[in-house]
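What follows is a set of notes on a single structure, which appears directly below.
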Amino acid sequence: MGDRDLLRRAGHRVKENAREYVVTYIFLVLSIIFVAYSGRPMTDIFYQLMSRLTRNLFIVLALIIPIVAGMGINFAITIGAMAAQIGLLLVINWGVTGIGGLLLAAAITVPLAAGFGFLIGSLLNKMKGQETIGSMILGFFANGAYQLLFLFVFGKLIPLNESVTIVGGTGVANTLNLTGSVGLLSALDGLWRVTFSQALYGITLFAVLGSVLLLILKKIQRVKAFVTIGMALVFVIVYQIPVVNHSLQNINIPVITFLLIALLCLFNVVIMRTRLGQKFRAVGQSRVVANAAGINVNRVRIIAIMISTILAGWGQIIFIQNLGTLQTYAAHEMVGLYAGAAILVGGASIDRATNGQAIIGCILFHTLFVVAQDAGSNLFGDPNIGEYFRVFLCYGVIALALVMYAWRGNSAKKAAAREHARG
Amino acid sequence: MKAKHSKGKWIASGVVMLLAIVMVVGGITGYAIRTGSFATDGLHKMRNYAVLRTAAGAIIDDIALEAKRVAREYADANNYSRNQRAAYASEKEAEARQAAAAEFTQFNGLDDDGLDARILQVENAQRVYAEQEAAEKELYAMQVAQSAEANVVLDEELETLIEGSEVEGETVIDEADLQEVTEQAIDYSAFVPSEFLKALQADISVQYASLQPELLRYLPTLTEKMLKDLEKPILAVTYEYGSDFEKQYDRYLEMDALTIFSKADQNRMQLARRGDDLITIGVGLFILSLGIFFFKPMTAKLGMPRFVILSFFVLLCLMAGLYGISVPTMIGNVLKRTGMFGVLALAMLPGIQSGISLNMGMTAGIIGGLLSTLIALEANMTGWGAFAFSVVVGCLIAFPIGWLYSKLLNRLKGNEMTVSTYVGFSIVSLMSIAWMLLPFRNAKLTWALGTGLRVMHNMSGSFGGILNNFLSFKVLGVTVPTGLLLFFFLCCGLMWLFSRSKTGTAMIAAGSNPRFAEAAGINVDRMRTIGTTISTVIAAVGIIVYSQSFGFMQLYGGPRQMGFIAASAILIGGASVSRAKVSNVILGTFLFQGVLALGIQVANAAIAEGGLSEVMRILISNGIILYALTQSGGDSRG
Numbered sequence: 005m006g007d008r009d010l011l012r013r014a015g016h017r018v019k020e021n022a023r024e025y026v027v028t029y030i031f032l033v034l035s036i037i038f039v040a041y042s043g044r045p046m047t048d049i050f051y052q053l054m055s056r057l058t059r060n061l062f063i064v065l066a067l068i069i070p071i072v073a074g075m076g077i078n079f080a081i082t083i084g085a086m087a088a089q090i091g092l093l094l095v096i097n098w099g100v101t102g103i104g105g106l107l108l109a110a111a112i113t114v115p116l117a118a119g120f121g122f123l124i125g126s127l128l129n130k131m132k133g134q135e136t137i138g139s140m141i142l143g144f145f146a147n148g149a150y151q152l153l154f155l156f157v158f159g160k161l162i163p164l165n166e167s168v169t170i171v172g173g174t175g176v177a178n179t180l181n182l183t184g185s186v187g188l189l190s191a192l193d194g195l196w197r198v199t200f201s202q203a204l205y206g207i208t209l210f211a212v213l214g215s216v217l218l219l220i221l222k223k224i225q226r227v228k229a230f231v232t233i234g235m236a237l238v239f240v241i242v243y244q245i246p247v248v249n250h251s252l253q254n255i256n257i258p259v260i261t262f263l264l265i266a267l268l269c270l271f272n273v274v275i276m277r278t279r280l281g282q283k284f285r286a287v288g289q290s291r292v293v294a295n296a297a298g299i300n301v302n303r304v305r306i307i308a309i310m311i312s313t314i315l316a317g318w319g320q321i322i323f324i325q326n327l328g329t330l331q332t333y334a335a336h337e338m339v340g341l342y343a344g345a346a347i348l349v350g351g352a353s354i355d356r357a358t359n360g361q362a363i364i365g366c367i368l369f370h371t372l373f374v375v376a377q378d379a380g381s382n383l384f385g386d387p388n389i390g391e392y393f394r395v396f397l398c399y400g401v402i403a404l405a406l407v408m409y410a411w412r413g414n415s416a417k418k419a420a421a422r423e424h425a426r427g
Numbered sequence: 004m005k006a007k008h009s010k011g012k013w014i015a016s017g018v019v020m021l022l023a024i025v026m027v028v029g030g031i032t033g034y035a036i037r038t039g040s041f042a043t044d045g046l047h048k049m050r051n052y053a054v055l056r057t058a059a060g061a062i063i064d065d066i067a068l069e070a071k072r073v074a075r076e077y078a079d080a081n082n083y084s085r086n087q088r089a090a091y092a093s094e095k096e097a098e099a100r101q102a103a104a105a106e107f108t109q110f111n112g113l114d115d116d117g118l119d120a121r122i123l124q125v126e127n128a129q130r131v132y133a134e135q136e137a138a139e140k141e142l143y144a145m146q147v148a149q150s151a152e153a154n155v156v157l158d159e160e161l162e163t164l165i166e167g168s169e170v171e172g173e174t175v176i177d178e179a180d181l182q183e184v185t186e187q188a189i190d191y192s193a194f195v196p197s198e199f200l201k202a203l204q205a206d207i208s209v210q211y212a213s214l215q216p217e218l219l220r221y222l223p224t225l226t227e228k229m230l231k232d233l234e235k236p237i238l239a240v241t242y243e244y245g246s247d248f249e250k251q252y253d254r255y256l257e258m259d260a261l262t263i264f265s266k267a268d269q270n271r272m273q274l275a276r277r278g279d280d281l282i283t284i285g286v287g288l289f290i291l292s293l294g295i296f297f298f299k300p301m302t303a304k305l306g307m308p309r310f311v312i313l314s315f316f317v318l319l320c321l322m323a324g325l326y327g328i329s330v331p332t333m334i335g336n337v338l339k340r341t342g343m344f345g346v347l348a349l350a351m352l353p354g355i356q357s358g359i360s361l362n363m364g365m366t367a368g369i370i371g372g373l374l375s376t377l378i379a380l381e382a383n384m385t386g387w388g389a390f391a392f393s394v395v396v397g398c399l400i401a402f403p404i405g406w407l408y409s410k411l412l413n414r415l416k417g418n419e420m421t422v423s424t425y426v427g428f429s430i431v432s433l434m435s436i437a438w439m440l441l442p443f444r445n446a447k448l449t450w451a452l453g454t455g456l457r458v459m460h461n462m463s464g465s466f467g468g469i470l471n472n473f474l475s476f477k478v479l480g481v482t483v484p485t486g487l488l489l490f491f492f493l494c495c496g497l498m499w500l501f502s503r504s505k506t507g508t509a510m511i512a513a514g515s516n517p518r519f520a521e522a523a524g525i526n527v528d529r530m531r532t533i534g535t536t537i538s539t540v541i542a543a544v545g546i547i548v549y550s551q552s553f554g555f556m557q558l559y560g561g562p563r564q565m566g567f568i569a570a571s572a573i574l575i576g577g578a579s580v581s582r583a584k585v586s587n588v589i590l591g592t593f594l595f596q597g598v599l600a601l602g603i604q605v606a607n608a609a610i611a612e613g614g615l616s617e618v619m620r621i622l623i624s625n626g627i628i629l630y631a632l633t634q635s636g637g638d639s640r641g
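Going down the list, the protein sequences come from chains L and C. Numbers given in my numbering equal positions in the first sequence, counted from 1, plus 4. Numbers given in my numbering equal positions in the second sequence, counted from 1, plus 3.
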């Protein structure tokens, strides 16, 4: 009897899990197939993946707070990216180099992104329930304003150095280089790099010592501590296998960047335990209830978007310093789409998201990104097909997530109505 | 407090109105001067002066050159250093030039009939020649455009254009660029002038020869060689394509011809030249004053963005007037673009009416239209048969797609627009893969190297422009694309009739108030299905009409923006996301495309940099959709 019950419950859980993470599993399978058919050496794939994670993780994590606050996927993070690019342009123009330049750009981003975030939030408050599409179109709109600013205002009304303007014309040049004397390339990543083995052993040591310490202080359960230590050891042991070891050999880990990412994860967790975080959640669950509880719903929503926009701006700075070039008119365009698709791939939905989902999603999404072209040319004989398939997956994942969310919402509504009729 | 506010309004609009009246009066005075004999005579004098001044230029150059030579010789004789020699020579040259200019640019009796008559003859000969040449070249271009070689050149040019304008895998092609490429593709090197044309050209030289004695009368020191060298510059002064008052005036002004008048007469001539500009500005100010006065009620009625777009449209019209852009070409462009995008915008109508709000998934229907056109091109069909085939097959393909799509939307009530946007995007990118893999074999359609269909397909070999040219006529210089407009209005009329029918009424009722409709016994889901399916089918027809008018069919990323363009058009026309009429489609498409068509030309005339029109489209299109979303009222939906 008990056994059967346990079995049934386990089966139920698996089913539930499968329903929730169906997109993640599809992506996992696709990734494996694509990696197998890409014909690229694992060393290369891991190397590419690591640099992509360095670039993109921060921005994806910036999406979490608005999702929790019930505002869907904030595609308007592109506007945060634009704010960051304005900051970077000014820094390049003034010739501030190195980490100082990046910090200055980050500082300029804050007021700009906060102001934009306030405007975005106010506008989205007027279209509750349509935030996903609203923020996307707002991103397009802002792109027009951005082009107007960079083509016709900068250089003409606001004087700029010749090095950053279009040769023989006005407006900002198409590509801004961060390399060489500009000195912003890897200004953050390059501060402290370690090899993969160093990072692995370091983290293992940290996890083991931390667990032991917490165990002695009796802050965590014994099981949890042992699981953490066990997993850390398993990773170390797996790393000793020559194939794995070899594949991960070339990877350098930019410690400071990943510390920042870890800090953001921590921030996302900690803020949910504060009073503001409670408000985010309350508003996200039900605006009506939150309003009745005396929460200023509109204000909370605006704060959520402002935080997200500023974080996205910083994320874009990390992205561009890693890349080394700033495509003035294109670098921000895909930010919202890629980040949104990545977090959904990780199993997040329109109203739920966690750090773990963001990280897993980012890894899977970018794995596919790395290998799509090669797999396309090997499977279909044309690299473009892989490219188009990648774009299709971006939009398709978002469409699927939206359909599933709406479907669930509607069937919940119907069920409630049925309940109501019966009761 | 309120009274004060309205007082300010009165004063502001009054002042602007006063300014407007001053401008218009000034402009009318200028016009009066222009049509009077003073301006005609003045213009003749200016022309005579300009011709003589050009001729005198040759003498002045000669004298200056001689002075320079003498100065150099002097410098050499006195052992000047290299720098000294150059400085001395240029100083002497400038001196001589000034002296010569003072001597040779004072002409008496510029109303000399003999000179006037001769110049007029030269000008006439040039005009006749230019008109004949333009006609022959047009004929030649038409013949060449049909030939295979021109298409090969065009394809090559197109490919470079596409490569140049690719952004993140998406091609955004500016219409102006495309037009330029199409014109460039015609190679005039093989153009052979007819005997008649050659004779006309010879006549110009003859007329110029008879002008020479007149010139010599004024400037006896002109040598034989100088007269010969002067032929080109003088002919450039006497005639240029398009010789209205402004063009002539500006041309003569370049030769300082205004200096022959007294100060007062100069002002009068300038007033005559600027007369129409003053009237344009006056009309603009008049509208502005009305705008200030009726600001509140108008914004309340139209909504802020629509008011802004309307004002922008008026502003662009006025600017087009100021920059002297040819009005007939402009109107022709606006008409063409209205018809071109009209049917696509119409596809939004049944969607909104049946309650699925903006059907961004109409790209699914567009795919149907593209597919059927591809089939027609693959089979080398041409003319009306190809067009009819594409439309019918396109509808047949779009019908089941729309039906299935509506089944999806019926399960997602309240989230249609969000979902349909991304479903639309997904379909476009999925079809991008299909375009690579579908078994089309016609060499005209596929890349010469590599697999898959091309991005741009030239329609001129098939049914390109078939509607545009049907019964097309020119009136007052405006090319009216009769067939295109007729087709658009036919579609609008059919939709209007449908909305009057029993099903149509039920559909609109279901869309505007689903609960009430349900209570009245209307099957809301069925009505939504009908609306979505019709919308999808119209989209298929829309893209075919668009392609034939544009002259090119765009695959891959091309259809992605179409939903947005159509949505913004109908919204600008006064529709909301839950209510729309046929009139919204017509008015909206006209306004939106009008703003874009005028915007491109005004931007090209005003600033050299491109890209402004694209920026404008992005801002207007997304701005109006955002506004509509805010109006749909937060909590009521979703």
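Where is the CB? At the ideal position from N, CA and C, for every residue including glycine. All figures in this text were calculated on a predicted structure; none of them were measured in a lab.
Quick one: list the residues of chain L neighbouring residue i, beta-carbon separation under 9 Å, in chain order.
i	result
C/N625	I141, L142, G143, F144, F145, A146, N147 and G148
Quick one: is residue i near chain C, going by C-beta distance under 8 Å?
i	result
L/M131	yes
L/W98	no
L/Q320	no
L/A22	no
L/A403	yes
L/V171	no
Any beta carbon of chain L sitting closer than 8 Å to that of residue i?
i	result
C/G480	no
C/F428	yes
C/E171	Confidence at C/E171 is low in this model, with a pLDDT of 39, below 50, so the placement of that residue is unreliable and no value is reported for it.
C/N362	no
C/R640	Bear in mind that a pLDDT of 34 at C/R640, under 50, signals an unreliable position, so the model cannot answer this.
C/N418	yes
C/V175	Residue placement at C/V175 is flagged as unreliable, the pLDDT there being 48, under the threshold of 50; the coordinate-derived value follows with that caveat. So, not an interface residue.
C/V131	no
Tell me whether the beta-carbon of residue i lies closer than 8 Å to the beta-carbon of residue j.
i	j	result
L/V339	L/I137	no
L/T58	L/N326	yes
C/A267	C/R37	no
L/L397	L/L368	no
L/T82	L/T179	no
C/F491	C/G342	yes
C/N362	C/S515	no
What in chain C is Cβ-close to residue i, meaning under 8 Å?
i	result
L/G385	T454
Which residues in chain L have a C-beta closer than 7 Å to the C-beta of residue i? List them in chain order.
i	result
C/T421	Q134, T136, I137 and L406
C/R1	The displayed coordinates of chain C run from 4 to 641. Any statement about residue 1 of chain C would go beyond what the structure contains.
C/Y52	Near C/Y52 there are no residues of chain L at all, since even the closest Cβ is about 37 Å away, more than 7 Å.
C/S432	Y392, V395, F396 and Y399
Taking CB distances under 8 Å as the criterion, tell me whether residue i reaches chain D.
i	result
C/M439	Here chain D cannot be found, since the structure's protein chains are L and C.
Could you work out which residues of chain L lie near residue i, taking near to mean beta carbons separated by less than 8 Å?
i	result
C/T535	Those within 8 Å of C/T535 in chain L number zero; the least Cβ separation is about 15 Å.
Taking the runs of the alpha helix (DSSP H) that are 4 residues or longer, which of them lie wholly in the region 319-385 of chain C?
-> Whole alpha helix (DSSP H) segments, 4+ residues: 330-349, 351-357 and 366-381.
Any contact of the region 584-595 of chain C with the region 348-360 of chain C, i.e. 3+ C-beta pairs under 8 Å?
-> Taking 8 Å as the limit for Cβ pairs, the verdict is that the region 348-360 of chain C does touch the region 584-595 of chain C.
Every unbroken alpha helix (DSSP H) inside the region 207-294 of chain L [4 residues or more] | Entirely contained in the region 207-294 of chain L, the alpha helix (DSSP H) runs reaching 4 residues are, in chain order, 226-244, 246-251, 259-277 and 279-289.
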